[in-house]
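One structure below.
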């Protein structure tokens, strides 16, 4: 079976995640070899994922970690974790 | 991965046996994840930070109920999601209880955008602050159910099963939502890449 572009697009996400079966994977790759449009879509999607994984894209508020651990420290001074059920501490 | 799990199990046992300060070390690798999970639900920095603190304190208090049949990260993510949903419900008013019922639409355009001049986009484009900003905004503007799956899968790198477990949906729904989220983002960002990229050498590496 020869895949058209629309079919390739439907499976792009699974293709990236490597969750398509071997047969479909081969068909997609065959298609990509001669289709610049689909190759570009695949590459641009991959690049968006790379950008998403870049720690600079989604940053934490400044001082987040410090405030968190201060709050945790206060909590620890006040309380213990609840003991496991049915087990003596 | 095995090492992380073993270390974690050891840390948890010691915390529960009384060395509670070790909880700081246990939680450190996941602080970012907890915040981003909260942010993906409530979309406000201050509230997300408050919620993240609350979720982590909850995890501390209820650490004994972590059974080790799930990964610690999944357990923690579930607590973070519950905290986020609780806050969202409170903010929206108790009457509106439809957040978890939201389903993906069957109709809709989730096709990617073709970019014919993709070879002209230089590698440096990915280094642009503006592009990161555009991605942040595009993710913020995704419909909630898509943003949450995208955050857990592509930002926090949970696998499909873990994402399904944390959100209480089936793995098939995770795949559908993730695909749509990625295609919507691709569509949103392609014009941006095109208009800001100066014509230079090709960059998209084709890993086939």
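Protein chains in written order, with this note's numbering: chain Y, 1028 to 1116; chain B, 129 to 336. Where a beta carbon is used, it is the ideal one built from N, C-alpha and C, also for glycine.
Shown here, residue 297 of chain B sits in coil according to DSSP, grouped into three states, outside any helix or strand. Our two residues, residue 158 of chain B and residue 1049 of chain Y, have alpha carbons roughly 35 Å apart in a direct line.
Counting every other CB atom within 10 Å of its CB across the protein chains shown gives residue 1056 of chain Y a total below 16, marking it as exposed. The Cβ of residue 303 of chain B sits closer than 9 Å to at least one Cβ of chain Y. For residue 188 of chain B, the C-beta contacts it makes with chain Y under 8 Å involve 1099, 1102, 1103, 1108, in order along the chain. Distance between residue 309 of chain B and residue 210 of chain B, taken at the CA atoms: about 22 Å. Put simply, the backbone Cα of residue 287 of chain B is about 11 Å away from that of residue 201 of chain B. Here the C-alpha atom of residue 160 of chain B lies approximately 15 Å from the C-alpha atom of residue 187 of chain B. Taking all protein chains in view, the Cβ of residue 291 of chain B is crowded by 16 or more other Cβ atoms within 10 Å, so the residue is classified as buried. Against residue 180 of chain B, the close residues of chain Y are 1091, 1095, in the order they occur along the chain (beta-carbon pairs closer than 8 Å). Between residue 269 of chain B and residue 1094 of chain Y, the CB-CB gap reaches or exceeds 9 Å.
Here the segment 1056-1066 of chain Y makes no contact with the segment 137-151 of chain B; the two share fewer than three CB pairs at distances below 8 Å. For the segment 1053-1083 of chain Y, the beta-carbon criterion of a distance under 9 Å to any beta-carbon of chain B is satisfied by 1056, 1059, 1060, 1063, 1064, 1065, 1066, 1067, 1068, 1069, 1070, 1071, 1072, 1073, 1074, 1075, 1076, 1077, 1078, 1079, 1080, 1081, 1082, 1083.
Taking 9 Å as the cut-off, the beta carbon of residue 311 of chain B is found no closer than this to the beta carbon of residue 1043 of chain Y. In the structure shown, residue 1070 of chain Y falls within a helical segment according to DSSP collapsed to helix, strand and coil.
Contact between residue 153 of chain B and residue 164 of chain B is ruled out by a C-beta separation of about 20 Å, above the 8 Å threshold.
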